[in-house]
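Protein chains in written order, with the numbering used here: chain A, 657 to 986; chain B, 8 to 320.
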């Protein structure tokens, strides 16, 4: 490990700690300012006497000053204790782990599929700029970009589950079956439609972006010179334009981690897919403060990882960044 | 005189632009341009920066942008160049030396760019040739694996030059090869182009640097507001009396060593019906205002001015 790598890791670590600290504190304050009352959330409208209520308030620490609350939250967080979920009655970390894994499969698949198809479509459209393929791709992208993802999800659900009956309508396992009894095929069958929806939606931004990048690259001076030297057609694009287009497209795709997360929340809701997104909605609606905070933290980690991966990737693909960092070293 | 390599006849280049919504506007950048380049000859097109001279180079190589149209004939070795023909010989018989490192792919090692898209055994051969020509221009072996951003200005120039010359072309189009270079690199460029001429290649030099043009060109074509207004031998530029067009004269007189004599006026931006130099011309007549002069022969030189047209007089 050389100096540059050490410095990179050190900077990223500091960055990460500061980010988590800020997210932890601010999301806590936001929830504190929200009308959520933990006692009411716990009671779920059960009738109790004021004395009992006072005991509960003391138990939850409702009337402590904000700083004490934040300090308590942070010190527990540091020990890896995210608290217990109000609605699931198990430690938050367990809920998140289980749900996040389900979401992760969904998001990772959609991310890869939309990335590859989007980049491919963008290249084809950019190469045939102004042609019918280009127009078709653009039309697709504009429609998908303007339509909300939950609506796309509903349309897909109507077509493939209701009309065609190819796939189950929702849930990760059929009603009446224990999730541990479900076969991998049953589980996969329920993964198809949410993945399809997220991929379809995810294709639009990356395809449009790739197309524009390629058009820009193709009108650049170095493509002009390459053409003047007799290169042309697909080999020219493959040799000179592809890598120059791939770099910015990769960055965008990694930055899309955040959007992916947002998209997953809606799509999981539509398909009743038991992932982190659906859990976040449930936690929000039922005032499960601990679970909500846990999910906020885990999504911050997720987005941070996405951006860091983009940085690392850039480092390997782009010779200019490698060189620039060697100047920093001194 | 030796064999004719390139001959450009009455070439006009224009662009279609959209102005205000769907109104199309034809923007003429080069009008009625004629010139020729012979073997072992350097012909310079001298004009102000940003006046569209480079487009002639692009037209010769068939790499004009989509919205650009080129009228007139461009002949190479007495054969009219069609787009197919241009595509077939560009990079082989006609080569472009571009102006800056921006013309190299930032993400590709320079040797890969120089050899182009070749595979297998051809690749070995191409790499050998590339090393040979890089050495000829004093580029060390380490340079092969550098990326364009790692090159110094002088190195970049040599890389561009040797990349262009890799296929041993007969005609070289050098598009502004000197701006932004230090004096030593400019001198080297001048030497390199002179050497190309010695090797019997034809060179079309597109430049706004009058000193470079005077130094290396055999003939200089003066480019003014889209028109070539005079083509004259370089030696005649030493003496304004031997120059024909009033603009050329004032251009030479404006040089510091010739008295710094400035002439007021700017090049017209809009298309004018008559002579483009009418507004600034000291020897104009009413006839020049409405009638456009053609490029005519006058001795060894070519001139676009009614004063030299016997029929008009």
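Just so it is clear, CB atoms sit at the ideal spot from N, CA and C, and this is done for glycine as well.
Check the DSSP bridge columns for residue 43/B and list the partner residues they point to.
Sequence index remark: in the second chain, residue 43/B carries index 36 (1-based). Answer is 14/B, bridged to residue 43/B.
Taking a contact to mean a Cβ-Cβ separation below 8 Å, would you say residue 622/A touches residue 966/A in this structure?
Lying before the first or after the last residue shown, residue 622/A is absent from chain A, which here runs from 657 to 986.
For residue 97/B, go through chain A and note every residue whose CB falls closer than 7 Å to its CB, in chain order.
Taking the first residue of the second chain as 1, we reach residue 97/B at position 90. Those are 884 and 886, listed as they occur along chain A.
Residue 880/A versus chain B: which residues are under 8 Å apart at the beta carbon?
Position 224 of the first chain, counting from 1, holds the residue named residue 880/A. 65, 70, 105 and 110, listed in chain order.
Expressed to the nearest angstrom, what Euclidean distance is found between the alpha-carbon atoms of residue 178/B and residue 224/B?
Position 171 of the second chain, counted from the first residue, corresponds to residue 178/B. Position 217 of the second chain, counted from the first residue, corresponds to residue 224/B. Going by the C-alpha atoms only, they are around 14 Å apart.
According to the Cβ coordinates, are residue 79/B and residue 36/B closer than 8 Å?
For the purposes of this step, residue 79/B is taken as residue 72 along the second chain, with counting starting at 1. For the purposes of this step, residue 36/B is taken as residue 29 along the second chain, with counting starting at 1. The answer is no: Cβ separation not under 8 Å.
By the three-class DSSP mapping on this structure, what secondary structure does residue 23/B have?
Numbered from 1 along the second chain, position 16 holds the residue referred to as residue 23/B. Residue 23/B: strand per DSSP, three-state reduction.
Note down, one range per segment and in chain order, each alpha helix (DSSP H) of at least 4 residues found wholly within the region 145-230 of chain B.
Runs found: 160-172, 190-205 and 217-223.
Can you give the Cα-Cα distance for residue 255/B and residue 28/B, rounded to whole angstroms?
If you number the second chain from 1, residue 255/B lands on position 248. If you number the second chain from 1, residue 28/B lands on position 21. So the two alpha carbons sit approximately 40 Å from each other.
With DSSP as the reference, please indicate the residues paired to residue 234/B in a beta bridge.
The residue you call residue 234/B lines up with position 227 of the second chain. Its beta-bridge partners are 231/B.
Got a sec: which bits of the region 206-223 of chain B sit with their beta carbon under 7 Å from any beta carbon on chain A, in order along the chain?
From the region 206-223 of chain B, no residue has a Cβ closer than 7 Å to chain A.
Checking 8 Å against the spacing of the C-beta atoms, do residue 873/A and residue 774/A come in under that value?
In the first chain, residue 873/A corresponds to position 217, counting from 1. In the first chain, residue 774/A corresponds to position 118, counting from 1. No, the pair does not count as a contact, with Cβ atoms beyond the cut-off.
Is the Cβ-Cβ distance between residue 235/B and residue 56/B less than 8 Å?
Here residue 235/B refers to the residue found at position 228 when the second chain is read from its first residue. Here residue 56/B refers to the residue found at position 49 when the second chain is read from its first residue. Against a cut-off of 8 Å, the Cβ pair of residue 56/B and residue 235/B comes out as no contact.
Which residues of chain B have a Cβ atom closer than 8 Å to the Cβ of residue 974/A, listed in chain order?
Locating residue 974/A in the first chain gives position 318, counting from the first residue. 114, listed in chain order.
Roughly how many whole angstroms lie between the Cα atoms of residue 824/A and residue 929/A?
Here residue 824/A refers to the residue found at position 168 when the first chain is read from its first residue. Here residue 929/A refers to the residue found at position 273 when the first chain is read from its first residue. Cα-Cα distance, rounded: 11 Å.
May I have the straight-line CA-CA distance separating residue 111/B from residue 183/B, to the nearest angstrom?
Within the second chain, residue 111/B is the residue found at index 104, counting from 1. Within the second chain, residue 183/B is the residue found at index 176, counting from 1. So the two alpha carbons sit approximately 15 Å from each other.
Does any residue of chain A bring its CB to less than 8 Å from the CB of residue 128/B?
Position 121 of the second chain, counted from the start, is the residue given in the question as residue 128/B. No, residue 128/B lies away from the interface with chain A (no Cβ there is under 8 Å from its Cβ).
Is the separation between the beta-carbon of residue 922/A and that of residue 751/A shorter than 8 Å?
In the first chain, residue 922/A corresponds to position 266, counting from 1. In the first chain, residue 751/A corresponds to position 95, counting from 1. No, these two residues do not count as a Cβ contact at 8 Å.
Could you name the residues that DSSP lists as bridge partners for residue 714/A?
Counting from 1 along the first chain, the entry for residue 714/A is found at position 58. Paired residues: none, contrary to the question.
Mind checking who residue 2/B pairs with in its DSSP beta bridge?
Within the shown structure, residues of chain B are numbered from 8 to 320, placing residue 2/B beyond reach of any answer.
Measuring CA to CA, which of 927/A, 885/A, 870/A and 808/A is closest to residue 847/A?
Taking the first residue of the first chain as position 1, residue 847/A is located at position 191. It is 927/A.
Using only alpha-carbon positions, find the residue among 931/A, 883/A and 938/A that is nearest to residue 101/B.
Taking the first residue of the second chain as 1, we reach residue 101/B at position 94. Nearest option by C-alpha distance: 883/A.
Are any of the Cβ atoms in chain A nearer than 8 Å to that of residue 156/B?
Working through the second chain from its first residue, we reach residue 156/B at position 149. Residue 156/B counts as touching chain A.
Could you tell me which chain A residues have their CB closer than 7 Å to the CB of residue 94/B, listed as they occur along the chain?
Within the second chain, the letter at position 87 stands for residue 94/B. Per Cβ cutoff of 7 Å: 888.
Going by beta carbon distance, what residues of the same chain come within less than 7 Å of residue 1001/A, once the five residues before and after it are set aside?
Because chain A spans 657 through 986 in this model, residue 1001/A falls outside it and cannot be assessed.
Return helix, strand or coil for residue 4/B, following the three-state DSSP convention.
Nothing can be reported for residue 4/B, as the shown portion of chain B is limited to 8 through 320.
Would you say the region 888-899 of chain A touches the region 939-955 of chain A, given that touching needs at least three Cβ pairs under 8 Å?
Output reads no: the region 939-955 of chain A does not touch the region 888-899 of chain A.
May I have the straight-line CA-CA distance separating residue 239/B from residue 260/B, to the nearest angstrom?
As a working mapping, residue 239/B is identified with position 232 in the second chain. As a working mapping, residue 260/B is identified with position 253 in the second chain. Roughly 16 Å separates the two Cα atoms.
Over the uninterrupted alpha helix (DSSP H) stretch that includes residue 295/B, give me the two end residues.
If you number the second chain from 1, residue 295/B lands on position 288. 293-297 is the span of the alpha helix (DSSP H), which, as asked, contains residue 295/B.
Please say whether residue 11/B and residue 39/B have beta carbons closer to each other than 8 Å?
Against the second chain, residue 39/B aligns to sequence position 32. Against the second chain, residue 11/B aligns to sequence position 4. In this structure, residue 11/B does not lie closer than 8 Å to residue 39/B by Cβ.
Of all the CB atoms in chain B, is at least one closer than 8 Å to the CB of residue 895/A?
On the first chain, residue 895/A is found 239 positions in, with the first residue counted as 1. With 8 Å as the cut-off, residue 895/A counts as an interface residue toward chain B.
Closest Cβ-Cβ distance between residue 123/B and chain A: below 8 Å?
Numbered from its first residue, the second chain carries residue 123/B at position 116. Closer than 8 Å: yes.
So the candidates are 866/A, 759/A, 851/A and 715/A; which of them puts its Cα closest to the Cα of residue 790/A?
The count along the first chain starts at 1 and reaches residue 790/A at position 134. Of 866/A, 759/A, 851/A and 715/A, the residue nearest in Cα terms is 866/A.
Whole angstroms are fine: how far does the CA of residue 743/A sit from the CA of residue 942/A?
As a first step, residue 942/A is located in the first chain; it is residue number 286 there, counting from the start. As a first step, residue 743/A is located in the first chain; it is residue number 87 there, counting from the start. Using only the alpha carbons, I get a separation of about 7 Å.
Only counting the same chain, and skipping five residues up and downstream in sequence, which positions put a Cβ closer than 6 Å to that of residue 185/B?
Taking the second chain and counting its residues from 1, the one referred to as residue 185/B is at position 178. These residues qualify, in order along the chain: 193, 196, 216 and 219.
Classify residue 48/B as helix, strand or coil using the three-state DSSP reduction.
Position 41 of the second chain, counted from the first residue, corresponds to residue 48/B. Coil.
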